[in-house]
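Using the UniProt record's numbering, the letters of the sequence shown correspond one by one to residues 1 to 120.
Okay, structure first, notes after.
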Amino acid sequence: MATVELTTANFDQVTESDGIVLVDFWAEWCGPCKRFAPVYERSSDKHPEITFGKVDTEAQQSLAAKFDIRSIPTIMAIRDGVIVFAQPGALPESALENLIEQVQALDMDDVRKKLAEHNH
1 MATVELTTAN FDQVTESDGI VLVDFWAEWC GPCKRFAPVY ERSSDKHPEI TFGKVDTEAQ
61 QSLAAKFDIR SIPTIMAIRD GVIVFAQPGA LPESALENLI EQVQALDMDD VRKKLAEHNH
């Protein structure tokens, strides 16, 4: 599956659905972003069950601000509408695959329970 361009218009709709969504916050002028892009694309081809989104931080400044993106690329993993990972820096392919495995292995009932405890 090719990557999906995420904007303020479709971000919530895409990320609040069930399943895994990976988000790559990037910009055209960012060298590490350009080097990471082919890795991200290859991973999207390997995992058609996952939505791979990209946010152009120049065009979508309000989204970048909403998530306090200060360094790009930043990778965010969302599962079943819950942000379970966010980290700046381009990941090597093996690290991206490892991240995907970890997100797939999460017990989301446990994650929601811990979130509820944390927010009280």
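Cβ atoms here follow ideal geometry from the backbone N, Cα and C, with glycine treated the same way.
- By the Cβ neighbour-count rule, Ala77 is buried, with 16 or more other Cβ atoms within 10 Å of its own.
- Taking 8 Å as the cut-off, the Cβ atoms of Tyr40 and Thr3 count as close.
- Around the Cβ of Lys66, a 10 Å sphere holds fewer than 16 other Cβ atoms; the residue is exposed.
- Inclusion of Asp24 and Ile100 in the CB contact set at 8 Å is not warranted, their separation being larger than that value.
- Every alpha helix (DSSP H) stretch that sits fully inside the UniProt domain "Thioredoxin" (1 to 105) and reaches 4 residues is listed by chain position as 11 to 15, 31 to 46, 61 to 66 and 93 to 105.
- Counting only the Cα atoms, Asn119 lies some 22 Å from Ser17.
- Listed in chain order, the non-local C-beta contacts of Leu91 below 8 Å within the same chain comprise Phe36, Val39, Ile75 and Leu99, local neighbours out to five positions each way being set aside.
- Taken through DSSP and simplified to helix, strand or coil, Asp107 comes out as coil.
- Between Leu6 and Val55, the CB-CB gap stays under 8 Å.
- Residue Ala86 holds the alpha-carbon nearest to the alpha-carbon of Asp68 among Ala95, Val82, Ala86 and Ala59.
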